[in-house]
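**Student:** I'd like to ask you about the structure that follows.
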Amino acid sequence: MAGLPLGGPAFFSGLHSASITSLPSISEAFISPFALLKTISKAGPVPEKFAATRQAHKAITLPDFLQRRSLDKLSPVLQQCTQLQPPPTAKGILDRVPSNAWSSIHAPSLPSSHIGFTRISPALPAFSAFPALNRPVCAPFKIPAMVMQRRTFMGLGTSRNVLAQLEESSNKNMGNPSSQATFYSALLRSNMPEIVVQRYESGRFASNKACEAVYLKALERLGRTEQVSMIKSRQEEAATSTPLSREEVQAIAQAVGANSYGSTISVSNRNLSSGATGGNGQRDSPLYVVVEETRGSRFFKWARFLLIFGFVTYFSMIFVTVFMETAGVVRKIGGQPVNEAQPQQQTVKFSDVHGCDEAKEELQELVEFLKDPSQFTTLGGKLPKGVLLTGPPGTGKTLLARAVAGEAGVPFFFMSGSEFDEVYVGVGAKRVRELFANARAKSPAIIFIDELDAIGGKRKEKDYAHSKQTLNQLLVDLDGFSPSSGVIILAATNFPELLDSALTRPGRFDRQVVVPLPDAKGRTEILKHYMKDVRFGPNVDPSLLARGTPGFSGAELENLVNQAAVRASRKRQPFVFMEDFEWAKDKIMMGAERRSAIIPPQERKMTAYHEGGHTIVALFTEGHTPVYKVTIMPRGQALGLTHYLPDADVHSITKKQYLSSIDSALGGKIAEELIYGPDNVTSGCSSDLVSATRMARNMVTRFGMSDALGDVNFAEGYNNLSPQTKEKIELEVRRILDEARARATNILIKHRKELDRLAEALVEYESLDKDEIRKVIKGEKLTGKVKLLPNVPTKIPETGSILPVLDGTGRREA
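Have a look at this one:
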C-alpha cells in the first residue's frame, strides 16, 4: 500500500484515547516480550487487557470492535496506512538540531562523557534526562535493537530530576498515553520542543488527544506553522469523510504501525473520503492485506508443514500399497493380472504324450469324469478330489496335465507353487482362495499346481504362523470340494517325500500317479514324435538311438534332437545324419568339447594312459558295464573321459557290478603309477577316488554286501553309532578298496601291451568308440579314420598366407 505522507501522526490526535477505553492499546503490542515476561513474574498473571496484545505478537490482528466493522468501511483507512521513509537515526536527529538550540535553554556544552545510549529502537532517538550510567531498556517485539541517546537537560523550567523520572516512567509505560502526555508537557515547559516532535513522530509511543495537542504546540514553537495548519485541516476533512470515527482510525494506524516494525505511519485524507479509489472489500474492489512474518514463525510454519506432509505421504503410501495388494489392481502391461491364474484352453492331446502309458491310463478316468460325471455317480463311485503327479524332472508331468484338459475340453488353471507367496503376509492364502473361486466359476475345470513342494512342505512346530497360511488355506479348499463340483485338482512334484502328510491323506491328494523315466520303447516313441518335423538322413534309426540313451528323460531327448538339427544347419547339410545325433548325445552325457584348450604333449600322453587304464580294466573285468567311448578331448572340467553305457535299461545292480565299477575307477591311478611311478601320479584321480569310496561305503552301510558287518543298514543314524562299529565300517570299506586295487593292478600288468596300444591310439585319434577300441587293443589299424593335427598354440598368420581349412571336428579337410 502507498499513501501520502504527512508531517506526523498528529492527524490521529484524540482518536487513540477513545480506543484505549474499549480495548487495550495497539501500542502495547510493541512492548518487548522479555519486558512482558518480567512484568508477569513480578505482578502475577497478565491482566485481561493484554490478551489482544499477546495476539498481536503472533499475528497482526485488529481490535474486536474493528473486526465487527464491514470491510467496505475499513478498507479506505487500511489503504492509507503506510510506512514513511526509514526513521532517522540518533546521529541524524542530532545533526538536525539547530546550533543555537542549546543556548536558548541556557545549557552549557556537554562533554562526550555525559552522552549515553540505551537500547530502545532505531526508530526512537530520544534525548534522555538521565545523567547517570546507562540503564538498558528491553527492545520491543520485532524491532531491531539499538541504543537510545541520553542527554543531561538543564534549564530554567522543570528540574532535570523530574524530567529523568518522567522519562523513565514513559519509557516503561510506552503503551500508556497519559504517561506520554505528562512527559511531553514537561519537555515543552522546559523549552524542549524538538524532543517532543522527534519522540512523537517516532510512532513508538501511545498517543491521545493530549499528546497530539502538545505535539502541535511543539511544532508551533519550532516555527512549523504550515505543517500545523495542514494537519488540522486534514483532521477536519477526515472527520467528515471517513465512515469510521477518529478513535477507530487512530487504532488502525497504530495496528499498521505495529506491522511496520515501528515506522511512522501517515494517512492521507484524500482517499479516506467516501469516493476514494481503492479496495473497499467488495467483489469489484477487493482489499489486499499483506502480513509480514518473522523468520522464526516462517521456520516453524515450514517445519510444521513438512512434518504433516511427511506423515500424510507415509500413511498414504501404506494405504495405496495395501489397497493394491488386496484389491488386485496391479496389472501387467497387457492387461493380465499379476500372479492370478487365468483359464486357458489347451490343445495338447494324449497322442502328444509318449513314454508313460500307465500314467495316461489313470488320467483317462479324469477325462471321462469331466465329460460325463453321471457315469461314475450312478453306481455310487467317487473320483479322487486331487491327483498328485510324481517322478523325476522332465518326464512329462506338466504335459500330462495339459493333455487331460485338452482331451476334456475344459478350462485349465495353471499356477506354480512359487507364485503364491510374496513379501506380504496373507497374499498366498488370498491367491489360493481366488484360484479355487475362479475354478468354481468356470466349472467344470482343471486346476494344476506345479512344484507343489514349494507351498506344501512339511510343517514344523518352530515355523512361524504366517508361513503356514498358504498351506492351511490349500488344505481347507481341497477338503471343501464335493466330488460333483466338476473341478479336478492336479499337482506335480519331484519330491513327494517332502510334502506334508495332511496334504497327501485320502480326501485331498489321495491318488498319486508316478511318471517314471521312459524305457527303450518309450524313448523310441518320444524320438519319433520330436523327429516328425526334422529332415533326417537314411542312416538315422530312432530305435538304435533310443537303445543308446538309457536314463534319458523326455526333455533330454527333445534337447538331443534339437541340438542335432542345429548342428546340421550350421554345417549347411541337407539332412540331419546319425553323426549329428551321436555328437549331440556325447555333448549331453559328457559335456561340451573344449577344443580351444592347449594341452602339452606330455600331459596329453599321461591323460591317454589314465583313460586307457579305466578302459582296459573295464574290458577285462567280468560283469562291468560296456565301454561306450573314451576320449582325451577336454570336456567340461575333465581333461579326459571314459563313458560306459549299458546295452539295455538297468533297474538293479549286483555286487559283482559294484566291485567291477570300483576296479575300473581305480584303474586310471594305477596306470599312472605303472608308467610314470608313484611319485608322478597326478591329481586327476580325485573324482575316481570319490566314486570308488562312495560305492564301497554304500555296499557296507546300505546294501548289506559285507560279510563282516552283515545285513544291517548303517546309513541312517550313522552319527549315533558306537566308535567300535564305525571303526569296523571303515576297515571294511578299506578292505574292499584294497582288494579292488589288487585286482586292477593285476589286469594292467597282464595287459600292459594293450594299454600302450590304446594310449598311442588316443594320442593319435583323440576319441575312440567301443568298436575302435577293440580293434586298437588287438593291434589292428583303423582304416578310414583321419588322424588329428598336432594340438599346438595358434600363431598369427602372415599377410598373404593361406590357412588350412578345417571341418567342424577340427580335422583338416582334403
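In our numbering, the protein residues as written are 56 to 869. For each residue, glycine too, the CB sits at the ideal point set by N, CA and C. All values derive from a computational prediction rather than experimental measurement.
(1) Is the CB-CB distance between V542 and F491 below 9 angstroms?
(2) Under 9 angstroms between the Cβ atoms of G667 and L813?
(3) Report yes if the C-beta distance between L554 and G511 is below 9 angstroms; otherwise report no.
(4) Does the distance from the CB of E821 to the CB of M661 come in under 9 angstroms?
(5) Could you check how far apart the C-beta atoms of K825 and V682 are, in whole angstroms? I think they sit under 8 angstroms.
(6) So, using beta-carbon positions, are A268 and G230 closer together than 9 angstroms?
(7) Please classify D641: is it buried, with 16 or more other beta-carbons within 10 angstroms of its beta-carbon, or exposed?
(8) My guess is that P605 and P701 are in contact by the Cβ rule of under 8 angstroms, so how many angstroms apart are they, rounded?
(9) Measuring CA to CA, which of L444, Q528 and N594 is closest to G483?
(10) For P439, tell me which candidate among R457, E420 and A620 has the shortest Cα-Cα distance.
(11) Please report the distance separating the alpha-carbon of V422 from that of H409.
(12) Any chance you could list the alpha helix (DSSP H) runs of at least 4 consecutive residues sitting entirely within the segment 488 to 568, in chain order?
(13) Does the distance from the CB of G722 to the CB of A673 come in under 9 angstroms?
(14) State yes or no: is the C-beta of L444 within less than 9 angstroms of the C-beta of A610?
(15) With distance defined between alpha-carbon atoms, name the residue in S234, T376 and N801 nearest to D718.
(16) Is any heavy atom in the ligand NAD found nearer than 8 angstroms to the beta carbon of V487?
(17) Need the endpoints of the beta strand (DSSP E) that G441 sits in, please.
(18) Smallest Cα separation from K415: which of V403, G446 and V459?
(19) Candidates I730, F354 and A463: which alpha carbon is nearest Q399's?
(20) Looking at V818 and P656, is the spacing between their C-beta atoms short of 9 angstroms?
(21) For the alpha helix (DSSP H) containing V672, list its first residue and its last residue.
(22) Whole angstroms is fine: what's the gap from G914's alpha carbon to P571's?
(23) Spell out a yes or no on whether the segment 742 to 753 and the segment 783 to 791 are touching, meaning 3 or more CB-CB pairs, one atom from each, closer than 8 angstroms.
(24) Grab the span of the alpha helix (DSSP H) containing T579 for me, first residue to last.
(25) List the endpoints of the continuous beta strand (DSSP E) containing T697.
(26) Touching or not, the segment 641 to 653 and the segment 691 to 700, by the rule of three or more beta carbon pairs under 8 angstroms?
(27) Note down, one range per segment and in chain order, each beta strand (DSSP E) of at least 3 residues found wholly within the segment 794 to 839.
(28) Would you call the CB atoms of H669 and A720 closer than 9 angstroms?
(29) State the start and end residues of the unbroken alpha helix (DSSP H) segment that holds V251.
(30) Select from R486, E658 and K576 the residue whose C-alpha is nearest the C-alpha of D532.
(31) Taking 9 angstroms as the CB-CB limit, is P733 close to chain C?
(32) For K497 and S473, I'd like the C-alpha separation in whole angstroms.
(33) Shortest alpha-carbon distance to H706 belongs to which of N614, S715, A575 and E506?
(34) What is the rounded straight-line gap between the Cα of V589 and the Cα of K626?
(35) Alpha helix (DSSP H) containing T756: first to last residue?
(36) May I ask you to report which of helix, strand or coil DSSP gives P143?
**Tutor:** According to the data block:
(1) Working through the sequence shown from its first residue, we reach residue 542 at position 487. Working through the sequence shown from its first residue, we reach residue 491 at position 436. Yes, the pair counts as a contact, with Cβ atoms nearer than the cut-off.
(2) For this step, residue 667 is matched to residue 612 along the sequence shown. For this step, residue 813 is matched to residue 758 along the sequence shown. Contact: yes.
(3) Along the sequence shown, one-based indexing puts residue 554 at 499. Along the sequence shown, one-based indexing puts residue 511 at 456. Yes, these two residues count as a Cβ contact at 9 angstroms.
(4) The residue labelled residue 821 in the question sits at position 766 within the sequence shown. The residue labelled residue 661 in the question sits at position 606 within the sequence shown. It is not a contact, given that the beta carbons lie outside the stated cut-off.
(5) For the purposes of this step, residue 825 is taken as residue 770 along the sequence shown, with counting starting at 1. For the purposes of this step, residue 682 is taken as residue 627 along the sequence shown, with counting starting at 1. With a Cβ gap of about 5 angstroms, K825 and V682 count as contacting.
(6) Translated into the one-based positions of the sequence shown, residue 268 becomes position 213. Translated into the one-based positions of the sequence shown, residue 230 becomes position 175. Not closer than 9 angstroms, so no.
(7) Start at 1 with the first residue of the sequence shown, and residue 641 comes out as number 586. With 16 or more other Cβ atoms within 10 Å, it is buried.
(8) Within the sequence shown, residue 605 is the residue found at index 550, counting from 1. Within the sequence shown, residue 701 is the residue found at index 646, counting from 1. 6 angstroms between Cβ atoms; contact.
(9) Walking along the sequence shown from the start, residue 483 turns up at place 428. Taking only the C-alpha atoms, the option nearest G483 is Q528.
(10) As a working mapping, residue 439 is identified with position 384 in the sequence shown. Among R457, E420 and A620, the Cα nearest to that of P439 belongs to E420.
(11) Along the sequence shown, read from residue 1 onward, the residue named residue 422 stands at position 367. Along the sequence shown, read from residue 1 onward, the residue named residue 409 stands at position 354. Going from the Cα of V422 to the Cα of H409 covers about 17 angstroms.
(12) 524 to 534 and 556 to 559
(13) Counting from 1 along the sequence shown, the entry for residue 722 is found at position 667. Counting from 1 along the sequence shown, the entry for residue 673 is found at position 618. For G722 and A673, yes; Cβs fall inside 9 angstroms.
(14) Taking the first residue of the sequence shown as position 1, residue 444 is located at position 389. Taking the first residue of the sequence shown as position 1, residue 610 is located at position 555. For L444 and A610, no; Cβs fall outside 9 angstroms.
(15) Residue 718 sits at position 663 when you count from the first residue of the sequence shown. Nearest option by C-alpha distance: N801.
(16) Ligands in the displayed structure: none, and consequently the ligand NAD is not present.
(17) Here residue 441 refers to the residue found at position 386 when the sequence shown is read from its first residue. Run containing G441: G441 to T445, per the beta strand (DSSP E) assignment.
(18) Numbered from its first residue, the sequence shown carries residue 415 at position 360. Nearest option by C-alpha distance: V459.
(19) Along the sequence shown, read from residue 1 onward, the residue named residue 399 stands at position 344. If we check each option's Cα against that of Q399, A463 comes out closest.
(20) Position 601 of the sequence shown, counted from the first residue, corresponds to residue 656. Position 763 of the sequence shown, counted from the first residue, corresponds to residue 818. In this structure, V818 lies closer than 9 angstroms to P656 by Cβ.
(21) For the purposes of this step, residue 672 is identified with residue 617 of the sequence shown, where counting begins at 1. Note, V672: alpha helix (DSSP H), P656 to L674.
(22) Residue 914 falls outside the range modelled here, since the chain spans only 56 to 869, and no answer is possible.
(23) yes
(24) As a first step, residue 579 must be located in the sequence shown, where it is residue number 524. Its alpha helix (DSSP H) spans residues A575 to Y585.
(25) Residue 697 sits at position 642 when you count from the first residue of the sequence shown. Counting along the chain, the beta strand (DSSP E) containing T697 begins and ends at L696 to Y699.
(26) Contact holds between the segment 641 to 653 and the segment 691 to 700, because three or more Cβ pairs, one in each stretch, are under 8 angstroms apart.
(27) DSSP runs (the beta strand (DSSP E)) wholly in the segment 794 to 839: 822 to 824.
(28) Here the question's residue 669 lines up with position 614 in the sequence shown. Here the question's residue 720 lines up with position 665 in the sequence shown. By the CB criterion at 9 angstroms, H669 and A720 fall inside the cutoff.
(29) Walking along the sequence shown from the start, residue 251 turns up at place 196. Judged by DSSP secondary structure, V251 falls within the alpha helix (DSSP H) whose first and last residues are P248 to E256.
(30) Counting from one through the sequence shown, the residue named residue 532 turns up at place 477. Of the listed residues, the one whose Cα sits closest to D532 is R486.
(31) Although the question refers to chain C, the structure presented lacks it and comprises just one protein chain.
(32) As a working mapping, residue 497 is identified with position 442 in the sequence shown. As a working mapping, residue 473 is identified with position 418 in the sequence shown. Each residue's alpha carbon lies about 24 angstroms from the other.
(33) By one-based count along the sequence shown, residue 706 stands at place 651. Taking only the C-alpha atoms, the option nearest H706 is A575.
(34) In the sequence shown, residue 589 corresponds to position 534, counting from 1. In the sequence shown, residue 626 corresponds to position 571, counting from 1. The straight-line gap from Cα to Cα measures roughly 15 angstroms.
(35) As a working note, residue 756 is residue 701 in the sequence shown. Start and end: S741 to T756.
(36) Here residue 143 corresponds to residue number 88 of the sequence shown, with the count starting at 1. Confidence at P143 is low in this model, with a pLDDT of 45, below 50, so the placement of that residue should be treated as unreliable; the coordinate-derived value is given next. In the structure shown, P143 sits in coil (DSSP, three-state: anything other than H, G, I, E or B).
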